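Asks:
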DNA sequence: TTTATTTATTAAACTAGTTTAATGTTTTGA
DNA sequence: TCAAAACATTAAACTAGTTTAATAAATAAA
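Chains as they are written, first to last, in full-length UniProt numbering: chain A, 1 to 193; chain B, 1 to 193.
#1: Considering only the beta carbon of each residue, do residue 83/B and residue 134/A sit closer than 7 Å?
#2: By Cβ distance, which residues of its chain are closer than 6 Å to residue 50/B, with the 5 residues on each side in sequence left out?
#3: Alpha carbon to alpha carbon, how far is residue 81/B from residue 116/A?
#4: Can you name, in chain order, every residue of its own chain whose Cβ lies under 8 Å from the Cβ of residue 183/B, other than the five neighbours on each side?
#5: For residue 60/A, which residues in chain B fall below 7 Å Cβ to Cβ?
#6: Please name the residue in 2/A, 18/A and 3/A whose C-alpha comes closest to that of residue 120/A.
#7: In or out: residue 96/B buried (at least 16 other Cβ within 10 Å) or exposed?
#8: Select from the stretch 84-98 of chain A all residues with a C-beta closer than 7 Å to any C-beta belonging to chain B, and list them in chain order.
#9: Can you give the Cα-Cα distance for residue 118/B and residue 66/B, rounded to whole angstroms?
#10: By DSSP's criteria, residue 71/A is part of a beta bridge. Which residues make up the other side?
#11: If you compare alpha carbons, which of 10/A, 38/A and 42/A is closest to residue 101/A?
#12: List the DSSP bridge partners of residue 90/A.
#13: Can you confirm whether residue 126/A, when its beta carbon is compared against all beta carbons of chain B, has any partner nearer than 7 Å?
#14: Give a yes or no on whether 7 Å exceeds the smallest Cβ distance from residue 13/B to chain A.
#15: Using the Cα positions of residue 170/B and residue 69/B, report the straight-line distance between them to the nearest angstrom.
#16: Looking at the unbroken alpha helix (DSSP H) that takes in residue 13/B, where does it start and where does it end?
#17: Just to confirm, are residue 107/B and residue 47/B a CB contact at a threshold of 7 Å?
#18: Could you check whether residue 74/B and residue 218/B sit closer than 7 Å to each other, using their CB atoms as the reference points?
#19: In angstroms with no decimal places, state the Cα-to-Cα distance between residue 181/A and residue 189/A.
#20: Given a threshold of 16 other Cβ atoms within 10 Å of its Cβ, counted over all protein chains shown, does residue 122/A qualify as buried or as exposed?
#21: Would you mind stating whether residue 12/A and residue 124/A have Cβ atoms separated by less than 7 Å?
#22: Consider the Cβ of residue 167/A: report whether some Cβ of chain B lies at a distance smaller than 7 Å.
#23: Looking at the C-beta of residue 145/A, does it have a partner C-beta in chain B at a distance below 7 Å?
#24: Please return the same chain residues whose Cβ sits closer than 7 Å to the Cβ of residue 43/A, not counting the five positions on each side in sequence.
#25: Let me know if residue 31/B comes out buried or exposed under the rule of 16 or more other beta-carbons within 10 Å of its beta-carbon.
#26: What does residue 129/A reach in chain B if we use C-beta pairs closer than 8 Å?
#27: Taking the beta strand (DSSP E) that residue 141/A belongs to, which residues open and close that run?
#28: Could you check the C-alpha separation between residue 185/B and residue 34/A for me, to the nearest Å?
#29: Going by DSSP, name the residue or residues bridged to residue 50/B.
#30: Mind listing which residues of the stretch 110-122 of chain B have their C-beta closer than 8 Å to chain A's C-betas, in chain order?
#31: For the alpha helix (DSSP H) that residue 157/A lies in, which residues bound it at each end?
#32: From the beta carbon of residue 55/A, is the nearest beta carbon of chain B less than 7 Å away?
#33: According to the Cβ coordinates, are residue 45/B and residue 85/B closer than 7 Å?
#34: For residue 1/A, which of 25/A, 16/A and 15/A has the nearest alpha-carbon?
#35: Just the chain B side, please: which residues come within less than 8 Å of residue 38/A by C-beta, in chain order?
Next comes the structure, spelled out in structure tokens:
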């Protein structure tokens, strides 16, 4: 059950078999059917999750009712609201399954236990947070400098497997444009070819 | 010389006087005159810095020659290109002093020494990276959902002391708009009052 | 299988933000 | 202290992206 998780940890740091086992034993599996929520706005996020099956979206709803997608998570990705989780304040985010999904969950308490007792875990999460931060910095620069059209093209090139599983509405909410405009972009690209 | 730095560390984690002293001794002071660079595109970023005086901007130049500002750093802020620093690949960023500045620098080697020998330092940087990541997530959502006008207003409210030290050109590059449009926004706001 | 719901597309009017260029103001530096 | 450079503002034409609404196509539900 935790095979994918072990593989994922090994990608970031080298951890002894023993420590890996101990750490993984702190997770429990949760099944999340399509359209249900792992987290809702207003709740305090008390977990960190590792997706082993399915697809989630992590999004915000602004005061005008529009949704902005912070990121998607498929197999092998981690999900949490790091803001709510670390500060223990109510979340501004929703985490929703877009497909029937399976996720390995570790509670805040158990994660703190791991930090205190498995010295390498601190490094694991430092390294992972750094990597996601770098990715977000790049996305920030892209959003500041590139047109919606090139952001869309780059998104489809970078995550082809993800694009097939997403509606254009979801992709538009990630790119920060309307689905109507995304439709125009897609038409323009199709004509070019 | 490292008083500000010690104070900053204490804000994030509790570290013994001895460990604090050891860690701070790894930094050396650098003076960066206005308009000179701490890092240029193409260089590998081999340091992490803590600003004790002055003002920096961390920015990217896109292929059309436009500048996007990732963040500013004044006294008490950390600066590095975390991407280049961790992956040891050439940077896509410039770090430039906008005022005569002073910065405490720790080299990659010494930082690794600290990770290996001062167990709490791993936590320090995990916590700091988490906090900057949360801030960037919030900015990402704002950029996806808010108009330039409200982003400008919120920026001036959040960083009033910074706004006074920045030209409108710099603020516009941070907000992701042209300085001409920022001028329009400022006029509109002034008329309202 | 039929109906209801969600999704994608198109069009047309609109608005937020850009571009270019000109003008006055402030800052910098020799 | 004077000239040059950088900065802020304004105007006017333009373009990227939105809004609303209608229609067709695909999916889900009963």
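We put the beta carbon where it would ideally sit given N, CA and C, even for glycine.
Nothing here was measured: the structure is a model prediction, and the numbers come from that model.
Replies: Taking the geometry as given:
#1: It is a contact, given that the beta carbons lie within the stated cut-off.
#2: Excluding positions up to five away in sequence, the list reads 5, 78 and 104.
#3: One alpha carbon belongs to residue 81/B, the other to residue 116/A, and they sit about 29 Å apart.
#4: Answer for residue 183/B: 168, listed in chain order.
#5: Those are 141, listed as they occur along chain B.
#6: Here the closest residue by C-alpha is 18/A.
#7: Buried: at least 16 other Cβ atoms inside 10 Å.
#8: Within the stretch 84-98 of chain A, those residues whose Cβ lies closer than 7 Å to any Cβ of chain B are, in chain order, 86.
#9: Each residue's Cα considered, the two are about 42 Å apart.
#10: Paired residues: 58/A.
#11: Checking every option, the nearest Cα to that of residue 101/A belongs to 38/A.
#12: As DSSP reads the structure, residue 90/A sits in a beta bridge with 44/A.
#13: Yes, residue 126/A counts as interfacial toward chain B.
#14: False, the Cβ-Cβ gap to chain A never drops below 7 Å.
#15: In a straight line, the C-alpha of residue 170/B is about 8 Å away from that of residue 69/B.
#16: For residue 13/B, no alpha helix (DSSP H) run applies, since DSSP gives it neither H nor E.
#17: Yes, they are a contact pair.
#18: Outside the shown range of chain B (1 to 193) lies residue 218/B, about which nothing can therefore be said.
#19: Near 12 Å, if we compare the C-alpha coordinates of residue 189/A and residue 181/A.
#20: Residue 122/A should be labelled buried.
#21: In contact: residue 12/A and residue 124/A (Cβ atoms closer than 7 Å).
#22: No, no contact with chain B.
#23: Judged by the 7 Å Cβ criterion, residue 145/A is in contact with chain B.
#24: Annotation for residue 43/A: 90 and 91 place their beta carbon closer than 7 Å to its own, counting only its chain and skipping 5 residues before and after.
#25: Around the CB of residue 31/B, fewer than 16 other CB atoms lie within 10 Å, so the residue is classed as exposed.
#26: Going along chain B in sequence order, the residues near residue 129/A (Cβ under 8 Å) are 126, 129, 130 and 133.
#27: In the DSSP annotation of this structure, residue 141/A is not part of any beta strand (DSSP E); the continuous alpha helix (DSSP H) holding it starts and ends at 119-145.
#28: Between the alpha carbons of residue 185/B and residue 34/A lies a distance of about 43 Å.
#29: The bridge partners DSSP lists for residue 50/B are 78/B and 104/B.
#30: Among the residues of the stretch 110-122 of chain B, those with a Cβ less than 8 Å away from any Cβ of chain A are 115, 119 and 122, in the order of the chain.
#31: First-last of the alpha helix (DSSP H) with residue 157/A: 148-158.
#32: Closer than 7 Å to the CB of residue 55/A there is not a single CB belonging to chain B.
#33: In this structure, the beta-carbon distance from residue 45/B to residue 85/B falls below 7 Å.
#34: Of 25/A, 16/A and 15/A, the smallest CA-CA separation from residue 1/A is found for 25/A.
#35: Near residue 38/A there are no residues of chain B at all, since even the closest Cβ is about 17 Å away, more than 8 Å.
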